[in-house]
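Participant: Residue numbers for the sequence shown, in our numbering: 93 to 230.
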Amino acid sequence: METIRYYQRRGLIVEPAKPLGTYRRYPPEVVARIRFIKRAQALGFSLGEIAVLLQSPSTEGCAQVHELVQAKIRTQRSQIDGLTRRVHTLERLLSQCREVRECAGCPLRGHLSCVEHWQDLGIRAEGFGTIAAATGLE
Numbered sequence: 093m094e095t096i097r098y099y100q101r102r103g104l105i106v107e108p109a110k111p112l113g114t115y116r117r118y119p120p121e122v123v124a125r126i127r128f129i130k131r132a133q134a135l136g137f138s139l140g141e142i143a144v145l146l147q148s149p150s151t152e153g154c155a156q157v158h159e160l161v162q163a164k165i166r167t168q169r170s171q172i173d174g175l176t177r178r179v180h181t182l183e184r185l186l187s188q189c190r191e192v193r194e195c196a197g198c199p200l201r202g203h204l205s206c207v208e209h210w211q212d213l214g215i216r217a218e219g220f221g222t223i224a225a226a227t228g229l230e
């Protein structure tokens, strides 16, 4: 129920009248709109982007929707590439770990401890300076 109220506050759905002493009844159009919102979220769209998708169809709006979807595709492809790199890195490290008998020489721990490898994992180093300094990893 909090989700529905949040959608109402964001202007994504309208709040129906509440009959005295009973629950609000949502008309089929509102239920369909909520389903639309949930499906769009499952595809990775933010509520701000969904607000654009929910706008009344127009030539200008259609072009905006196309741009939004193309940008979402680019973003998700980039995320897939990053995740693929991370999986390959983890697979390589796991393979190396299996070759090492002692935990002290674990390639995974060494890799994660080394600042130079952060980018290889797709993790931005900015913001980690204080962590690195506090842990002696600079």
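Just so you know, even glycine gets a beta-carbon here, dropped at the ideal spot from N, CA and C.
Count the other CB atoms within 10 Å of the CB of LEU182; is the residue buried (16 or more) or exposed (fewer)?
Facilitator: Exposed.
Participant: Kindly list the residues whose CB is nearer than 6 Å to the CB of TYR99, restricted to its own chain and excluding five residues on each side of it in sequence; keep chain order.
Facilitator: Closer than 6 Å at Cβ, skipping near neighbours: ILE105.
Participant: In this structure, does DSSP put PHE128 in helix, strand or coil?
Facilitator: In this structure, PHE128 counts as helix in the three-state DSSP scheme.
Participant: Cβ of ARG116 within 8 Å of Cβ of PRO108?
Facilitator: Against a cut-off of 8 Å, the Cβ pair of PRO108 and ARG116 comes out as a contact.
Participant: Compare the beta carbon distance of ARG102 and LEU139 with 8 Å and say whether it is the shorter of the two.
Facilitator: A contact, by the Cβ cut-off of 8 Å.
Participant: In terms of alpha-carbon separation, which member of PRO111, ASP173, GLN162 and ARG178 lies closest to PHE137?
Facilitator: The option with the nearest alpha carbon to PHE137 is GLN162.
Participant: Output yes or no for whether 8 Å exceeds the beta carbon distance between VAL157 and LEU145.
Facilitator: Yes.
Participant: Could you tell me the boundaries of the alpha helix (DSSP H) in which ILE142 lies?
Facilitator: Run containing ILE142: 139-145, per the alpha helix (DSSP H) assignment.
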